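For the protein sequence lines, the chains are A and B, in the order given. Under the UniProt record's numbering, the first residue of the first sequence carries the number 1, and numbering increases by one thereafter. Under the UniProt record's numbering, the first residue of the second sequence carries the number 1, and numbering increases by one thereafter. C-beta atoms are modelled at their ideal positions from N, C-alpha and C, and glycine is treated no differently. If you're wondering where the values come from, they're calculated on a predicted model, not measured in any experiment. See below for the structure under consideration.
2 protein chains.
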Amino acid sequence: MVKLKDIAEALGVSVGTVSKGLRHSHEISEEVTDRIIRKANELGYIANSSARNLKTNRSYVIGVVYVDKSRAGLGHDYFSTMLSSIRDELSLHGYDFTFVSNTIGENKLSYVNHARYRRCDGVIIVTADFKEPEIIELVESEIPVVTIDHVFNNRSAILSDNDEGLEQIINYVYKKGHRKIAFIHGEDTAVTEQRIASFYKACETLQIEVPKDYIKEALYHFPKQAGLRTRELLQLKERPTCIIYPDDYAFMGGLTEIEKHGLKIPEDISVVGYDGIFLSRILRPILCSYVQNSTEIGKQAVNRLLEQIDKPKSFIRKPVRVKGVLQEGQTVKDIH
Amino acid sequence: MVKLKDIAEALGVSVGTVSKGLRHSHEISEEVTDRIIRKANELGYIANSSARNLKTNRSYVIGVVYVDKSRAGLGHDYFSTMLSSIRDELSLHGYDFTFVSNTIGENKLSYVNHARYRRCDGVIIVTADFKEPEIIELVESEIPVVTIDHVFNNRSAILSDNDEGLEQIINYVYKKGHRKIAFIHGEDTAVTEQRIASFYKACETLQIEVPKDYIKEALYHFPKQAGLRTRELLQLKERPTCIIYPDDYAFMGGLTEIEKHGLKIPEDISVVGYDGIFLSRILRPILCSYVQNSTEIGKQAVNRLLEQIDKPKSFIRKPVRVKGVLQEGQTVKDIH
DNA sequence: TTGTAGGCGTTATCAC
DNA sequence: GTGATAACGCCTACAA
């Protein structure tokens, strides 16, 4: 690999001059700068990031924590879109990204220490168990951190607007005449809590009565469980006219069950998903779903993080909400 | 950040000793090693990978090229599963991974140079335009490279068994009595070529006649186009009894079109997908599809690459085929 | 068994 | 405007 020294020797100048010239320092004359750059290209010079990091104490690497709880690997639309967006936005700013895990080879290495080892300038926590001590350790460390869909006290976070999501859904199905609305929510997380609270609040405002057995729990992204819950709902004496699912994938389990009962969507029963994944728009009927703006969330996460890295002093840490949009689709019938 | 020197001073030994002690060198007495490790933990020592890389000329970072041609970001099941698998397998061996793009900030930087800048020990090309000069440059560089689903002369590659995939599909639908088999294949790539060749070969062997207008092209992962091609097929005087799609997502477009024509699957027409994505198993009827073993492909890619890095001399570069498996599903009717 | 010292490639601070 | 030179933190011969 050709290095600064090679260019310096070829040109009969010093290494320091080459270093400055390559970075267009105004200390160096235009003519010399020009010769340096030309020679660098000629020799195919590429800087050594390790040496540079060592000296400058900046790696231009951002760590990403992505712990897959939802049994979907990177294949969960909401998160994979976000990751793409994070990657692209980082790249735009000259940063690379690397996954931060809590193992390295045989050895256990906490998230913080992994990030420290790679000298990450900052970390984005996309998914993780936010109650895990190691995650908390990372958040409270000296490394700038942005979390997604979870707020730590006095830290930056980007939030998909879960309150508004459910509110919009309820308002929409209400407008379509539904009063018997069942809600299958996901497993217990901060996000789920918000959605449930928001569900009840919206119902209260609209004076919708919610029987206890209209509220069910099923794992996110797990069609089978949602299917079982759907069956329970369909067997109720007072059947709901509309079912809200934890997410679009989970809905697929409900779909099967609904068809088993010989019911048609939306003629016999209305359904609503969450996420607005690619699939939801491909399906017929198009699924009514709240589309989270995961691209924007990723972008915001990057920009907030870089801001924090660049001006650690003046940076104000606060949660940012990113709104989604209701995709009305064709699965909610007007039953007026 | 605490460094070797800090430990050395705290213990009254030399930096060299600490360095060796931490790596359990047999040069160092057990007692001193013990004290060193204890002190290191006490002080929370974490090595600086940049300094280490600089010295050892090994980064333990693998670059991944993932250029999204299929308009799906990381959201394409086949690839996202593979990426998860690559990440996990690398982590198992003490490697991290970073995406290698051909831009960095404002500036254009070729893939090779990006990988060189980060001193990647090797690169896995997951998706890319393999005809692009920059990709070829990367493959022909000094950096160990493994490609997926594309073979460069005398380089390592991992291949999903596209030949066998189509052969198995054809044999299966033949067994079910189908003779009028239409094939909507993807856009022109090496993979597509293989599949087409394999399709014709299997048909020939079974003496199935393939009318020209039974063969159509539609972009991968693009339901709308597959839908249009499906319509054309359904309007033929001599309608096929079975349609093979480029992939499971593309099939979704076909599904809509088939339903528009008032046809039912599989009663009125049989269909086959490709990939065996999560969704294909959730759908009812379960989609007949060839399930590519993307987890295994990712794993193989990592292991082949690491082998090549560790023993560059003795390593034999050759393509590795990874078999998939036919998911029979419920969308191919027995029409005997 | 432990210590010393040079150097990996870069940047930055001084002199000149 | 340019050139020495000293770090950055680590590893590794080689010396003690």
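Under 9 angstroms from the C-beta of residue i: neighbouring residues of chain A
i                : result
Glu54 (chain B)  : Going by the sequence as given, residue 54 (chain B) is Leu instead of Glu. The answer, in chain order, is Asn48, Ser50, Ala51, Asn53, Leu54.
Leu279 (chain B) : Tyr249, Met252, Leu279
Glu259 (chain B) : Arg284
Ile104 (chain B) : Tyr60, Ser91, Gly94, Tyr95, Asp96
Asn113 (chain B) : Gly44, Ile46
Pro144 (chain B) : Neighbours of Pro144 (chain B) on chain A: none; closest Cβ ~15 angstroms, over 9 angstroms.
Buried versus exposed call for residue i [16 or more other C-beta atoms within 10 Å across all chains shown]
i                : result
Ala197 (chain B) : exposed
Glu89 (chain A)  : buried
Lys264 (chain A) : exposed
Glu204 (chain B) : exposed
Gln235 (chain A) : exposed
Asn102 (chain B) : buried
Asn153 (chain A) : exposed
Gly253 (chain A) : buried
Gln225 (chain B) : buried
Thr56 (chain A)  : exposed
Leu43 (chain B)  : exposed
Gly165 (chain B) : buried
Lys311 (chain B) : exposed
Gly262 (chain B) : exposed
Pro211 (chain B) : exposed
Lys39 (chain B)  : buried
Ser91 (chain A)  : buried
Ile330 (chain A) : Looking at the sequence itself, residue 330 (chain A) is Gln, so the reference to Ile does not match. Classification for Gln330 (chain A): exposed.
Lys299 (chain A) : buried
His114 (chain A) : buried
Own chain residues within Cβ distance below 7 angstroms of residue i, not counting five before or after
i                : result
Glu307 (chain B) : Phe315
Gln194 (chain A) : Asn162, Asp163
Asp77 (chain A)  : Asp275, Ile277, Phe278
Arg87 (chain B)  : Phe97
Phe199 (chain B) : Leu166, Ile170, Phe183
Phe99 (chain B)  : Val64, Tyr66
Neighbourhood of residue i by C-beta, 6 angstroms cutoff - its chain only, sequence neighbours within 5 removed
i                : result
Tyr174 (chain B) : Leu206
Asn293 (chain B) : Val322, Gly324
Ser59 (chain B)  : Asn53, Arg119, Asp121
Val67 (chain B)  : Thr127, Ala128
Val320 (chain B) : Ile158, Gln300
Leu4 (chain B)   : Val15, Val18, Ser19
Contacts of residue i in chain A (Cβ-Cβ under 7 angstroms)
i                : result
Asp268 (chain B) : Here the premise fails: no neighbours, minimum Cβ distance about 17 angstroms.
Thr127 (chain B) : Neighbours of Thr127 (chain B) on chain A: none; closest Cβ ~13 angstroms, over 7 angstroms.
Partner residues on chain B for residue i, Cβ-Cβ distance less than 7 angstroms
i                : result
Arg23 (chain A)  : What Arg23 (chain A) touches in chain B: nothing, since even the nearest Cβ is about 12 angstroms away.
Tyr117 (chain A) : Ile46, Ala47, Ser49
Arg87 (chain A)  : Phe99
Pro133 (chain A) : In chain order: nothing, as chain B lies at least about 15 angstroms away.
Thr256 (chain A) : Arg284
Pro223 (chain A) : Ile282
Close Cβ partners of residue i (< 8 angstroms) along its chain, the five nearest in sequence each way excluded
i                : result
Glu232 (chain B) : Asp213, Lys216
Val112 (chain B) : Glu134, Glu137, Leu138, Ser141, Ile143
Ile36 (chain B)  : Ile7, Leu11, Val13, Thr17, Val18, Gly21, Leu22, Ile28
Glu328 (chain B) : Tyr172, Cys288
Ile309 (chain B) : Asp121, Gly122, Pro144
Glu267 (chain B) : Lys333
8 angstroms contact criterion, which residue i and residue j should meet: CB distance rounded
i                : j                : result
Ile269 (chain B) : Thr241 (chain B) : 7 angstroms
Ser80 (chain A)  : Ser80 (chain B)  : 6 angstroms
Met82 (chain B)  : Val126 (chain B) : 6 angstroms
Ile169 (chain A) : Ile244 (chain A) : 6 angstroms
Val64 (chain B)  : Ile124 (chain B) : 5 angstroms
Ile297 (chain A) : Ser156 (chain A) : So it is not a contact: roughly 13 angstroms between Cβ atoms.
Gly105 (chain B) : Gly94 (chain A)  : 3 angstroms
Gly186 (chain A) : Leu219 (chain A) : 7 angstroms
Distance cut-off 8 angstroms: residue i Cβ against heavy atoms of the ligand HEM
i                : result
Asp161 (chain A) : Here there are no bound small molecules, and the ligand HEM is not part of this structure.
Between the region 111 to 129 of chain A and the region 44 to 59 of chain B, do three or more beta carbon pairs fall short of 8 angstroms?
-> Because the criterion of three Cβ pairs below 8 angstroms is met, the region 111 to 129 of chain A and the region 44 to 59 of chain B touch.
Do the region 126 to 137 of chain B and the region 282 to 293 of chain B meet, that is, are 3 or more Cβ pairs less than 8 angstroms apart?
-> Contact fails: fewer than three Cβ-Cβ distances are below 8 angstroms.
When the Cβ atoms of the region 178 to 187 of chain A are set against those of the region 136 to 151 of chain A, are three or more pairs found closer than 8 angstroms?
-> The region 178 to 187 of chain A is not in contact with the region 136 to 151 of chain A.
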